[in-house]
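As given, the protein sequences belong to chains Z and V, one line each in that order.
All letters in the first sequence, in the order written, are residues 1 to 304 by our numbering.
All letters in the second sequence, in the order written, are residues 1001 to 1304 by our numbering.
Okay, structure first, notes after.
Number of protein chains: 2
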Amino acid sequence: MPETPVMPETAVAFIGLGTMGRPMAERLLAAGYRLTVHDRLPEAVKDLVAAGAAPAASAREAATGAEVAITMLPNGPHVREALTGPDGALAALRPGSVLIDMSTIDPPTAQELARTASDQGVRMLDAPVSGSSAGAADGTLTVMVGGDAGTLAEVRPLLDELGGRIVHCGGNGAGVSVKLANQIIAGTSMVAVAESYALARRLGVDPRLLFDVVSASSGDCWSLRTRPPVPGVLPSSPAEHDFRPGFKGALMCKDLDLALATAAAHAVDLPVTLRARELYARMSEEGLGERDFSAVFTLLATED
Amino acid sequence: MPETPVMPETAVAFIGLGTMGRPMAERLLAAGYRLTVHDRLPEAVKDLVAAGAAPAASAREAATGAEVAITMLPNGPHVREALTGPDGALAALRPGSVLIDMSTIDPPTAQELARTASDQGVRMLDAPVSGSSAGAADGTLTVMVGGDAGTLAEVRPLLDELGGRIVHCGGNGAGVSVKLANQIIAGTSMVAVAESYALARRLGVDPRLLFDVVSASSGDCWSLRTRPPVPGVLPSSPAEHDFRPGFKGALMCKDLDLALATAAAHAVDLPVTLRARELYARMSEEGLGERDFSAVFTLLATED
C-alpha cells in the first residue's frame, strides 16, 4: 500500500485519451511515470504508445499491475462501465491502490463508485478539472479533489504534473460538486456574454471597445476574457477560428445537465441555468455541439 | 461657447442627488466647481447646500447660468421630464452649453433628447457609469460616453473627477448601449452565482472554498468577486450586512428591462437575460427591491 507520495516510475493506468485525457497522459509520460493506456479508439492508444506508453485492450488490462489508475471520460455511465463493467478496472486493481476519476460526473455516482472501490480496498478520489485542453497540455489545470486527504497527499506529486492548483474540496463527491457549481457560472455567463454581444452588435457598438470596457467593469467574467464571441477582438478566442474548441458546447450541455439533475434531486431550483442549458442543447441540435461553447452566440446573432 | 476644457470655477447644474448623484456632486464641489443642485427631495438638496452648493427649486432654475448641466436620475422618463418638462433644464441652458446625462436610460431616448438639445444649440452626451456608490465617492467609476468627441474633450476634466476611466464609446446613445450590454452580463452572472451557491450549499460545499476555487477558475466573474451571496466569505460583500446596497435589485431590474426593450425593438432575442430579469422583478414583489441585487440568492436558497 503506497503510504509515501507516488513518484515517477510509478505504474499508472490511464483510461480515456480524448481532448483532455491525451495531453494529460502525455505530461505524465514526460514526467517519467510508467503509463499503460486504454481508449475505445485504437487510434488514440496508438498515438500514446508512440510517445512511450504501453497499450491495453481494456480498462481491466490497463489496471493490471497499476498502483494508480486514472479515468478521464465523458460522463458517469462511461466511468461506471470503465470501473465496474465486465472489463472494468476495479476487477484488476489491487487493495491499496488509488483510483482517480478526473471526469466530470454527478456527485451521487462519484460517491457510489467510491464505496464500491472501498469495498475491495481501493481508495478513490473524484478529481475533475477546470481549464482547457491548452491548460491540460501546460499542466495549469485547476483540480478539484473529493475524498480522503491522506490519499490526496499520496498522489499529489502526480496531480501536480497535471494542474497548477490542486484543491481538496472535502469528502468523496465534493470535487465534482465544486466543479458543477463552477460550470453553472461559466456556462451561464458565456450565454450572457453572447446575448450582450448580440445586442451590442445590433446597436452598432464596436466589439473591441465593448470588450475593453466590460472586462474592466461589473460585466467582467472569464467567459468574456477568454471568449469574446466575434472575430477581431482577442487573437486567442475560439471565435477567431470558426469556434474550434476549446471546450465543446456538447460538454457544457452535459455538465449543465448534471448540475440540473443534481439540483432537482435536492429540490433546488436553477431557473437561469435551465434556460442556458436549453441553448447549449440547441447547439447540438443545429450541428454545433463539437464547436466551442462560445458558438452559442451564433444561435442569437441576427443578420446585420 | 466653452471651446477649451472646463475647469474648476465653472458653473455646473447637478440634477438628481440619489445614491450615486450625491457623492458625485460632493466630489465636484470638493474639486472647486460651482454647483447649483436640484432634487425632488428637499432633504437631498439641503445636505449638498451644507457642503457648499447653491440650491435650486427646479431643474430649470439649476440650469440657469450653468455652462454644464448634469443629470443623474433613475430612468428615461425622469430624464425627459428634467430636461424637456415645464420646469426642465433645456429651457434655461444657453447655446453652447453642455448637457451630460449620466443616468442609465434606453439608447433611443438618449438619441432623441440629444437631437432636442442640439436644436437649441446645447451639446448633449450620454455618460452612464459602472461602479457602486463607493466608486462614486472615490471617483473610480467607469464612465461610458456617447456623443461628439470634441464635446467630451471639453468636459473631460470634470468627468475625470468622477471616474477613473472615461471611455468614448461612439455617437449619441453609444454610452448607454455599452452600459446596457454590461448590465446584461453583470445581472445574469449574479443570478448564476446565486444558483451556484444555492446548489453548493445543499451539497455541503464550504462556501469560502467555493469562492476561492471558482474565482480562480472558469466561473470567475465580478459578481462573484464582489458579492458572494452568503456571509463568512468576503467581508465587503453585501451578504455580510443583510444585503444593504451596493446596487439595488430594483435598479438591476430596471436596467435589464431597458436592455430587453431595446433588444425587442431590434428583434434580438435575450432568453437568459429575460429569465434573470424575472428573478429581479420577483425581488421587488417580495419586498427585496431596495436590497443589493445579490439578494436574488434569497429567492433560490432552500432551507438547509
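In this text, a Cβ means the ideal position worked out from N, Cα and C, and glycines have one as well.
Host beta strand (DSSP E) of VAL6 (chain Z) (start-end): Against the first sequence, residue 6 (chain Z) aligns to sequence position 6. That residue, VAL6 (chain Z), is in no beta strand (DSSP E); it is neither H nor E in DSSP.
Minimum Cβ-Cβ distance from ARG22 (chain Z) to chain V less than 8 Å: The residue you call residue 22 (chain Z) lines up with position 22 of the first sequence. No, no contact with chain V.
Of the residues V:ALA1053, V:GLY1018, V:ARG1060, the one placed nearest LEU1041 (chain V), counting alpha carbons only: Along the second sequence, read from residue 1 onward, the residue named residue 1041 (chain V) stands at position 41. Nearest C-alpha to LEU1041 (chain V): V:GLY1018.
Contacts around VAL1155 (chain V), its chain only, beta-carbon distance under 8 Å, and the 5 residues preceding and following it disregarded: Against the second sequence, residue 1155 (chain V) aligns to sequence position 155. The residues are PRO1005, VAL1006, VAL1068, VAL1098, ILE1100, LEU1125.
The alpha helix (DSSP H) enclosing VAL1037 (chain V), as first and last residue numbers: Here the question's residue 1037 (chain V) lines up with position 37 in the second sequence. Premise fails: VAL1037 (chain V) lies in the beta strand (DSSP E), 1034-1038, not in any alpha helix (DSSP H).
Contact set between ASP269 (chain Z) and chain B, taken where Cβ atoms lie within less than 7 Å: Absent from the structure is chain B; the protein chains it does hold are Z and V.
Neighbourhood of PRO231 (chain Z) by C-beta distance below 6 Å, restricted to the same chain and skipping five residues each side: Looking up residue 231 (chain Z) in the first sequence gives position 231. ALA239, GLU240.
Which residues DSSP lists as bridging PRO77 (chain Z), in chain order: As a position in the first sequence, residue 77 (chain Z) is number 77, starting the count at 1. Paired residues: none, contrary to the question.
Chain-ordered neighbours of LEU1224 (chain V) on chain Z, where CB pairs are closer than 9 Å: To locate residue 1224 (chain V), count along the second sequence from 1; it is residue 224. Ordered by position in chain Z, the residues that pass the 9 Å Cβ test against LEU1224 (chain V) are ILE185, CYS221.
9 Å Cβ cut-off: residues of chain V touching THR71 (chain Z): Taking the first residue of the first sequence as position 1, residue 71 (chain Z) is located at position 71. Residues of chain V passing the Cβ test: none, with the nearest at roughly 21 Å.
Under 8 Å from the C-beta of VAL167 (chain Z): neighbouring residues of chain V: Residue numbering aside, residue 167 (chain Z) sits at position 167 when the first sequence is read from its first letter. Near VAL167 (chain Z) (Cβ distances below 8 Å), the residues of chain V are LEU1209, ASP1212, VAL1213.
Listed by chain order, chain Z residues near THR1109 (chain V) by CB distance under 7 Å: Taking the second sequence and counting its residues from 1, one reaches residue 1109 (chain V) at position 109. Going along chain Z, no residue has its Cβ under 7 Å from THR1109 (chain V), so there is no contact; the nearest lies around 13 Å.
Alpha-carbon to alpha-carbon, ILE184 (chain Z) and LEU28 (chain Z): The residue you call residue 28 (chain Z) lines up with position 28 of the first sequence. The residue you call residue 184 (chain Z) lines up with position 184 of the first sequence. Going by the C-alpha atoms only, they are around 30 Å apart.
Members of the segment 132-144 of chain Z that neighbour chain V once the beta carbon cut-off is set at 7 Å: Here the close residues are THR142, MET144.
Amino acids of chain V, ordered along the chain, whose beta-carbon sits closer than 9 Å to that of ASP257 (chain Z): Here residue 257 (chain Z) corresponds to residue number 257 of the first sequence, with the count starting at 1. At a C-beta separation below 9 Å, ASP257 (chain Z) has no neighbours in chain V, since its nearest C-beta there lies roughly 13 Å away.
Where VAL307 (chain Z) falls: helix, strand or coil (DSSP): As displayed, chain Z neither begins before 1 nor continues past 304, which places residue 307 (chain Z) out of reach and without an answer.
Contact residues within the segment 1149-1167 of chain V, judged by C-beta distance below 8 Å to chain Z: Going along the segment 1149-1167 of chain V in chain order, one finds ARG1165, VAL1167 with a Cβ nearer than 8 Å to chain Z.
Partners in chain Z for SER1177 (chain V), counting only beta-carbon separations shorter than 7 Å: Numbered from its first residue, the second sequence carries residue 1177 (chain V) at position 177. Residues of chain Z with a Cβ closer than 7 Å to the Cβ of SER1177 (chain V) are, in chain order, ALA200, LEU203, VAL205.
Per-residue DSSP class, three states only, for MET102 (chain Z): Locating residue 102 (chain Z) in the first sequence gives position 102, where the first residue counts as 1. The DSSP-derived three-state label of MET102 (chain Z) is coil.
The segment 127-136 of chain Z contacting the segment 192-200 of chain Z, beta-carbon criterion three pairs below 8 Å: Touching, no.
Proximal residues of chain V, C-beta to C-beta of ALA181 (chain Z) below 7 Å: As a working mapping, residue 181 (chain Z) is identified with position 181 in the first sequence. Within chain V, the residues near ALA181 (chain Z) are SER1196, LEU1199, ALA1200, VAL1205, LEU1210, VAL1214.
Chain-order list of residues whose beta-carbon lies under 8 Å from that of PRO1113 (chain V) (same chain, five-residue window excluded): Numbered from 1 along the second sequence, position 113 holds the residue referred to as residue 1113 (chain V). Before going further, note that residue 1113 (chain V) is Leu rather than Pro in the sequence given. Within the same chain, VAL1079, ARG1080, LEU1083, THR1084, ASP1101, MET1124 come within 8 Å of LEU1113 (chain V) by CB-CB distance, once the 5 residues on both sides are set aside.
Spatially closest choice to ARG1034 (chain V) from V:ALA1062, V:THR1140, V:LEU1210, V:SER1294, by CA coordinates: The residue you call residue 1034 (chain V) lines up with position 34 of the second sequence. Of the listed residues, the one whose Cα sits closest to ARG1034 (chain V) is V:ALA1062.
Closest residue to ARG1277 (chain V) among Z:ALA53, Z:PRO271, Z:GLY219, Z:GLU161 (Cα-Cα distance): Against the second sequence, residue 1277 (chain V) aligns to sequence position 277. Check the Cα spacing between ARG1277 (chain V) and each of Z:ALA53, Z:PRO271, Z:GLY219, Z:GLU161: the tightest is with Z:PRO271.
Closest Cα partner of ARG165 (chain Z) within the set V:ASP1292, V:LYS1248, V:VAL1214: In the first sequence, residue 165 (chain Z) corresponds to position 165, counting from 1. The alpha carbon of ARG165 (chain Z) has as its nearest neighbour, out of V:ASP1292, V:LYS1248, V:VAL1214, the alpha carbon of V:VAL1214.
Reference ASP1087 (chain V); option with closest CA among V:LEU1162, V:ALA1057, V:ALA1066: Within the second sequence, residue 1087 (chain V) is the residue found at index 87, counting from 1. Ranking the options by Cα distance to ASP1087 (chain V), first place goes to V:ALA1057.
Closer than 8 Å to chain Z by CB, VAL1006 (chain V): Counting from 1 along the second sequence, the entry for residue 1006 (chain V) is found at position 6. No, its Cβ sits nowhere closer than 8 Å to a Cβ of chain Z.
Environment of PRO235 (chain Z) [buried if 16+ CB atoms lie within 10 Å]: Stepping through the first sequence from its first residue, residue 235 (chain Z) is reached at position 235. With fewer than 16 other Cβ atoms within 10 Å, it is exposed.
Chain Z contact for GLY1052 (chain V) (CB, 8 Å cutoff): As a working note, residue 1052 (chain V) is residue 52 in the second sequence. Taking Cβ atoms only, chain Z never reaches closer than 8 Å to GLY1052 (chain V), which makes this a no.
Rounded straight-line distance, which links the Cα of ALA1011 (chain V) to that of VAL178 (chain Z): Along the first sequence, one-based indexing puts residue 178 (chain Z) at 178. Along the second sequence, one-based indexing puts residue 1011 (chain V) at 11. In a straight line, the C-alpha of VAL178 (chain Z) is about 55 Å away from that of ALA1011 (chain V).
Residue-chain proximity (ARG272 (chain Z), chain V), Cβ-Cβ < 8 Å: Stepping through the first sequence from its first residue, residue 272 (chain Z) is reached at position 272. A small fix is needed here, since residue 272 (chain Z) is Val in this sequence, not Arg. Taking Cβ atoms only, chain V reaches closer than 8 Å to VAL272 (chain Z), which makes this a yes.
Rounded straight-line distance, which links the Cα of THR262 (chain Z) to that of THR1298 (chain V): Taking the second sequence and counting its residues from 1, one reaches residue 1298 (chain V) at position 298. Taking the first sequence and counting its residues from 1, one reaches residue 262 (chain Z) at position 262. Between the C-alpha atoms of THR1298 (chain V) and THR262 (chain Z) there is a straight-line separation of about 20 Å.
Interface partners of LEU279 (chain Z) on chain V, CB under 8 Å: Here residue 279 (chain Z) is taken as the residue at index 279 of the first sequence, counted from 1. Listed along chain V, the residues sitting closer than 8 Å to LEU279 (chain Z) by beta-carbon distance are PRO1271, VAL1272.
Counted within 10 angstroms of its Cβ, other Cβ atoms place ARG115 (chain Z) as buried (16 or more) or exposed: Residue 115 (chain Z) sits at position 115 when you count from the first residue of the first sequence. ARG115 (chain Z) comes out exposed.
LEU48 (chain Z) vs ALA30 (chain Z) beta-carbon contact at 8 Å: In the first sequence, residue 48 (chain Z) corresponds to position 48, counting from 1. In the first sequence, residue 30 (chain Z) corresponds to position 30, counting from 1. No, Cβ-Cβ distance for LEU48 (chain Z) and ALA30 (chain Z) is not below 8 Å.
Residues of its chain near ASP160 (chain Z), where Cβ-Cβ distance is below 7 Å and the 5 sequence neighbours each way are ignored: Here residue 160 (chain Z) refers to the residue found at position 160 of the first sequence. Within the same chain, Cβ atoms closer than 7 Å to the Cβ of ASP160 (chain Z) are found at ILE166, the five residues on either side in sequence being excluded.
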